[in-house]
Amino acid sequence: MQPSLAPRKKELFFDVKWFIVAVIVALLLIFQVFPLLYLVYRSVFSTGKFSLEAFQRVYSYPLNWGALRNTLVTASLSMVFGVLIAFPLAWLVGRTNLYGKKFFRTLFVMTYMVPPYVGAMAWLRLLNPRVGTLNIFLQNLFGLQETPFNIYTVGGLVWVLTTFYYPYAFITISRAMEKMDPSLEEAARISGASPMRTLFTVTLPMMAPSIVAAALLVFVSAASCYGIPSIVGAPGQIHTVTTRIIDFVYIGSQEGLTDATTLAVFLMLIANVVLYVSTFVVGRRQYITVSGKSTRPNIVDLGKWRIPLTIAVALFAIVIVVIPFATVAVTSITINLGKPLAAGNITWRFWERIFTRKAILQSAKNSLVSGSVAATAGIAISLVMAYLLVRTNVRGKRIPDFLITMGSGTPSIVIALALIMTMSGRFGINIYNTLTIMIVAYMIKYLLMGMRTIVSAMAQIHPSLEEASQISGAGWLRVLKDVTIPLIGPSVVAGWFLIFMPSFYELTMSTLLYSTNTKTLGYELFTYQTYHSQQTASALATAILLMVIIVNWILNKLTKGEFSI
Amino acid sequence: MASITISNVTKAFGDVVVLREFNEVFHDKEFVTLLGPSGCGKTTMLRMIAGFEKPTTGEIKIGDRVVSGAGTFVPPEKRGIGMVFQSYAVWPHMNVFDNVAYPLKIAKRPKEEIKRKVEHILEIVHLSQYAERFPMQLSGGQQQRVALGRALIAEPSVLLLDEPLSNLDAKLRESMRFEIKQIQRDFGITVVYVTHDQTEAMAMSDRIFVINRGVIQQVGSPTEVYRKPANQFVADFVGTINFLRGEVKNGRIELAGLGQSIPYDGIYKGKVVVAIRPENMSLLPTDKASLTGKLTRTFYLGDVTDCRVDVGGGQYLRLVADSRSYDSLTEDQELTVYIDDFLVYEDDGREDHTKIIT
Numbered sequence: 000m001q002p003s004l005a006p007r008k009k010e011l012f013f014d015v016k017w018f019i020v021a022v023i024v025a026l027l028l029i030f031q032v033f034p035l036l037y038l039v040y041r042s043v044f045s046t047g048k049f050s051l052e053a054f055q056r057v058y059s060y061p062l063n064w065g066a067l068r069n070t071l072v073t074a075s076l077s078m079v080f081g082v083l084i085a086f087p088l089a090w091l092v093g094r095t096n097l098y099g100k101k102f103f104r105t106l107f108v109m110t111y112m113v114p115p116y117v118g119a120m121a122w123l124r125l126l127n128p129r130v131g132t133l134n135i136f137l138q139n140l141f142g143l144q145e146t147p148f149n150i151y152t153v154g155g156l157v158w159v160l161t162t163f164y165y166p167y168a169f170i171t172i173s174r175a176m177e178k179m180d181p182s183l184e185e186a187a188r189i190s191g192a193s194p195m196r197t198l199f200t201v202t203l204p205m206m207a208p209s210i211v212a213a214a215l216l217v218f219v220s221a222a223s224c225y226g227i228p229s230i231v232g233a234p235g236q237i238h239t240v241t242t243r244i245i246d247f248v249y250i251g252s253q254e255g256l257t258d259a260t261t262l263a264v265f266l267m268l269i270a271n272v273v274l275y276v277s278t279f280v281v282g283r284r285q286y287i288t289v290s291g292k293s294t295r296p297n298i299v300d301l302g303k304w305r306i307p308l309t310i311a312v313a314l315f316a317i318v319i320v321v322i323p324f325a326t327v328a329v330t331s332i333t334i335n336l337g338k339p340l341a342a343g344n345i346t347w348r349f350w351e352r353i354f355t356r357k358a359i360l361q362s363a364k365n366s367l368v369s370g371s372v373a374a375t376a377g378i379a380i381s382l383v384m385a386y387l388l389v390r391t392n393v394r395g396k397r398i399p400d401f402l403i404t405m406g407s408g409t410p411s412i413v414i415a416l417a418l419i420m421t422m423s424g425r426f427g428i429n430i431y432n433t434l435t436i437m438i439v440a441y442m443i444k445y446l447l448m449g450m451r452t453i454v455s456a457m458a459q460i461h462p463s464l465e466e467a468s469q470i471s472g473a474g475w476l477r478v479l480k481d482v483t484i485p486l487i488g489p490s491v492v493a494g495w496f497l498i499f500m501p502s503f504y505e506l507t508m509s510t511l512l513y514s515t516n517t518k519t520l521g522y523e524l525f526t527y528q529t530y531h532s533q534q535t536a537s538a539l540a541t542a543i544l545l546m547v548i549i550v551n552w553i554l555n556k557l558t559k560g561e562f563s564i
Numbered sequence: 000m001a002s003i004t005i006s007n008v009t010k011a012f013g014d015v016v017v018l019r020e021f022n023e024v025f026h027d028k029e030f031v032t033l034l035g036p037s038g039c040g041k042t043t044m045l046r047m048i049a050g051f052e053k054p055t056t057g058e059i060k061i062g063d064r065v066v067s068g069a070g071t072f073v074p075p076e077k078r079g080i081g082m083v084f085q086s087y088a089v090w091p092h093m094n095v096f097d098n099v100a101y102p103l104k105i106a107k108r109p110k111e112e113i114k115r116k117v118e119h120i121l122e123i124v125h126l127s128q129y130a131e132r133f134p135m136q137l138s139g140g141q142q143q144r145v146a147l148g149r150a151l152i153a154e155p156s157v158l159l160l161d162e163p164l165s166n167l168d169a170k171l172r173e174s175m176r177f178e179i180k181q182i183q184r185d186f187g188i189t190v191v192y193v194t195h196d197q198t199e200a201m202a203m204s205d206r207i208f209v210i211n212r213g214v215i216q217q218v219g220s221p222t223e224v225y226r227k228p229a230n231q232f233v234a235d236f237v238g239t240i241n242f243l244r245g246e247v248k249n250g251r252i253e254l255a256g257l258g259q260s261i262p263y264d265g266i267y268k269g270k271v272v273v274a275i276r277p278e279n280m281s282l283l284p285t286d287k288a289s290l291t292g293k294l295t296r297t298f299y300l301g302d303v304t305d306c307r308v309d310v311g312g313g314q315y316l317r318l319v320a321d322s323r324s325y326d327s328l329t330e331d332q333e334l335t336v337y338i339d340d341f342l343v344y345e346d347d348g349r350e351d352h353t354k355i356i357t
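First to last, the protein sequences are chains A and B. Per numbering that gives the first Met the number 0, the very first residue in the first sequence carries number 0; after that it's consecutive. Per numbering that gives the first Met the number 0, the very first residue in the second sequence carries number 0; after that it's consecutive.
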């Protein structure tokens, strides 16, 4: 945006935009900033006066140290592996003549919208050290003495975290790669650099900021993940910071809550540092390389490597996406999980159960309601924010933007914990044990996804398009109806689903915030998986998977392939 | 020796043929311009010479070396070519010095040599004091010079330029034209220049290749292309021209719908199209052909006066009169237009070449 050179006119009259900004900021202050600040306060003032006693207690307990170490180790390794997988994949899918690259792209991006715990459920079945399907298959194939893999290890945890968080890096890196002007690479080639040399001297350095951003995103997501370590880690006594926090909260005592808080502060610190680095250090270094003319992206001919590489990517997709999802689907119709899937071992009763059992239906309804409300309210705020950010110069518009970004960067578990401690009546607001607290939590966590979508759609509409309508005689409402809404409509729908879907199957925050009457689908699935019936959980997971695929397909159609979740 | 020999080259993307049967030789030290409207295939030709596209059929030689042809394909980095891209393609993560030095670093030249040569080139492109700057701190024109310096540093015998001036403002464009031409002379290199701007093509080229829809329309020096356009497309695309339909009868061309005629003793018979450049008509009496009409509009352009004359039948002529005539001319006045020179083409019946230029 060009800064205006003319001196800013003093606006003394009351501006309605300030009011809107003020309202949004006020809501954010009450429901997000205050709880998070209180969390920090509480961790050092647990006894009423300043003390680091809680820290001392928590961090001197070996189990917690183990959890801390596990979190850092698994998140770091997932980050490294995630980027190592994502970069070549993004390059192959975006810049080469790989066969079926559109299909692969859709497949990898789609994994992004699948709840991580589904992956954990699948790999649990596949790599269980005694009965894991894949383990036994590999054992027989190579005639091994024992099964080759054990999922209940740090390695297993890293594996599942990587397979579920590499799409975050894939999406970030793909986007940066698409935006890069291909003639920058061509210039290196014509200067005498081989394709390899070009990759290392031009492509990689130019992509570096995006790669760092992608890596940090994977790190913080893996570190704050609860679903995967709770399913994969717990049976093997592998604790992480998130599982420890939940354990402490479940103790129910004030001391437990304090201990949870102290651990949460650690997670929050990591997340805030990462957020700061990726916004202000890496973000500043992003090169704007918009091409002078719309050349077709420079497609690299893989030559004799085309077929081998296509096979490699296909194998990767089969192992990472197809097998886990198929496993979950198959589990949902298996009677006896110890036996192979055969005619006598197939049943639809678990599917029947998820559509008939009252408790499940009630939870599904809760999730549907809270997801829809969060998405709708979120989109309303997103629209206002997008308008303020893109179309106006109102002072202070960056404040809510900053706060929303910060909220989304905060680990779910930290948000939930902060809300529990502040929204249960102690400070005049009691929404604990209601769906409202869920909705608030979902909005803090997922609002940014919707807002980004709408802001970027709005930014692409040049104001002259609206002005042209205005000059043709249309009032602002008519402009909205004839120009703005048709142009950003698809993005609004996409944004709605981007808030709705993760809220609908959310697990981490729901685990902390649920009450008897406000259980959610994610929580229901989790308890079935852990305590009652893996098959029922799998049926639910498969249903969610199908939903993700359908929504994805609709969005693709709706935005003509431009947008999918 | 760095001639470029293009034999029977065609290029198709899928079913879309973008270039048909290209058969030309660009001579050593020649300044060749590929001129045509967007989508005519000129950039594709350039990218095939560079090695960024493979010809569908045919062969390309640089000097005596086959770079693209049956069974052989030399990748861009092995062709020893300099190239300036339309978007400049100056690397944002390197400063000016490193951008320009890049080709020498790839060639593993000694440090002192790189330093000396880069400094020399930066002087030529007037960027000496900007060596430490990063591209983001430079103007478009300066980035352009960085790209030019980088393309020249390895002393290539062939320099390719893909619409290098199209993102610059008018004044800068004019001065860069001179500089590019000067550099070509000083370095003694073969230049292939792609543009859709006929003025650029006229100003710099030894030979112009006018291309339309993947087919070469005419090859010639700027004067040949301008004065003797091979067909109506070239006449229309290079410069400004008026087209009038007519029929040859008894040593005259009777202009359709005008009820007027002009003398003609050329080779064409039957239906023809008469093409007249605006500057080849005047309001001062001569003994050559003339048409009468009504002056409908005059535009004062400073150096000349641009006039529209209604010659009947709903057809208008555009002509340029000298600057001072603006004061004496009044709109709606009847006048006689004297034609110093005109071109005649056979009428192929196509409408798109005989539209009135406004």
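Beta carbons: idealized from backbone N, C-alpha and C, even for Gly. Just so we're clear, the structure is a prediction, and the values are computed from it rather than from any experiment.
Check, Outcome
"Which class does Ile378 (chain A) belong to by DSSP, given the choice of helix, strand or coil?", "helix"
"Using a threshold of 8 Å, state whether the C-beta atoms of Arg124 (chain A) and Thr346 (chain A) are closer than that.", "no"
"To the nearest angstrom, how far is it from the Cα of Met78 (chain A) to the Cα of Thr95 (chain A)?", "25 Å"
"Quick one: is Leu301 (chain A) near chain B, going by C-beta distance under 8 Å?", "no"
"Mark Met267 (chain A) as exposed unless 16 or more other C-beta atoms lie within 10 angstroms of its C-beta, in which case mark it buried.", "buried"
"Kindly indicate which three-state DSSP category Phe103 (chain A) falls into: helix, strand or coil?", "helix"
"Identify, in the order they occur along the chain, each residue of the same chain with its Cβ nearer than 7 Å to the Cβ of Phe341 (chain B), setting aside the five sequence neighbours on each side.", "Val273, Ala274, Ile275 and Asn279"
"So Gln216 (chain B) packs on Val233 (chain B), CB below 8 Å; how close in whole Å?", "5 Å"
"Give me the Cα-Cα distance between Thr333 (chain A) and Lys444 (chain A), rounded to the nearest whole angstrom.", "36 Å"
"DSSP puts Ala274 (chain B) in a beta bridge; with which residues?", "B:Phe242 and B:Leu342"
"Between which two residues does the beta strand (DSSP E) harbouring Asp309 (chain B) extend?", "Val303 to Gly311"
"Kindly indicate if chain A contains any beta-carbon less than 8 Å away from that of Glu199 (chain B).", "no"
"Nearest by alpha-carbon distance to Ile266 (chain B): which of B:Tyr344, B:Thr285, B:Asn211 and B:Tyr337 is it?", "B:Tyr344"
"Buried or exposed, going by whether 16 or more other CB atoms sit within 10 Å of the CB of Leu160 (chain A)?", "buried"
"With 8 Å set as the bound, which would you pick, yes or no: does the beta-carbon of Ile59 (chain B) sit closer than that to a beta-carbon of chain A?", "no"
"Return the first residue and the last residue of the alpha helix (DSSP H) that Leu262 (chain A) is part of.", "Gln253 to Tyr275"
"In angstroms with no decimal places, state the Cα-to-Cα distance between Gly191 (chain A) and Ile188 (chain B).", "18 Å"
"Could you name the residues that DSSP lists as bridge partners for Tyr299 (chain B)?", "B:Thr304"
"Grab the span of the beta strand (DSSP E) containing Phe30 (chain A) for me, first residue to last.", "It is not in any beta strand (DSSP E) - Phe30 (chain A) carries neither H nor E in the DSSP assignment."
"Three-state secondary structure (DSSP) at Ile360 (chain B)?", "Limits of chain B in this structure are 0 at one end and 357 at the other, which puts residue 360 (chain B) out of reach."
"According to DSSP, which residues form a beta bridge with Gly81 (chain B)?", "B:Leu158"
"Pull up the distance between the alpha-carbon of Leu580 (chain A) and that of Thr73 (chain A), whole angstroms please.", "What the structure shows of chain A is the stretch from 0 to 564, and residue 580 (chain A) is not part of that stretch, so it cannot be assessed."
"Taking the beta carbon of Thr483 (chain A) as the centre, do at least 16 other beta carbons fall within 10 Å, making it buried, or is it exposed?", "buried"
"Taking 7 Å as the limit between beta carbons, can you name the residues of its chain near Leu388 (chain A), skipping five residues before and five after?", "Lys396, Asp400 and Val454"
"Can you check whether the C-beta of Glu76 (chain B) is within less than 8 Å of a C-beta belonging to chain A?", "yes"
"Does Arg307 (chain B) get closer than 8 Å to chain A when you measure Cβ to Cβ?", "no"
"Determine the chain A residues that contact Pro228 (chain B) at a beta-carbon separation under 8 Å, and present them in chain order.", "Going along chain A, no residue has its Cβ under 8 Å from Pro228 (chain B), so there is no contact; the nearest lies around 28 Å."
"Looking at the structure shown, is Leu360 (chain A) part of a helix, part of a strand, or coil, going by DSSP?", "helix"
"Alpha carbon to alpha carbon, how far is Ala379 (chain A) from Leu511 (chain A)?", "27 Å"
"Output yes or no for whether 8 Å exceeds the beta carbon distance between Leu544 (chain A) and Val113 (chain A).", "yes"
"Could you please tell me which residues of the segment 432–446 of chain A, in chain order, have their CB closer than 8 Å to any CB of chain B?", "none"
"List, in chain order, every chain A residue whose beta-carbon is nearer than 9 Å to that of Ile80 (chain B).", "Ile189"
"When you compare each of B:Val336, B:Thr291 and B:Arg323 to Thr285 (chain B) by their alpha carbons, which one comes out closest?", "B:Val336"
"Using a Cβ cut-off of 7 Å, which residues of the segment 195–226 of chain A contact any Cβ in chain B, in chain order?", "Arg196, Val201, Pro204 and Met205"
"Is the CB of Ala88 (chain B) under 8 Å away from at least one CB in chain A?", "yes"
"Just verifying my parser: in three-state terms, what is the DSSP assignment at Gly57 (chain B)?", "strand"
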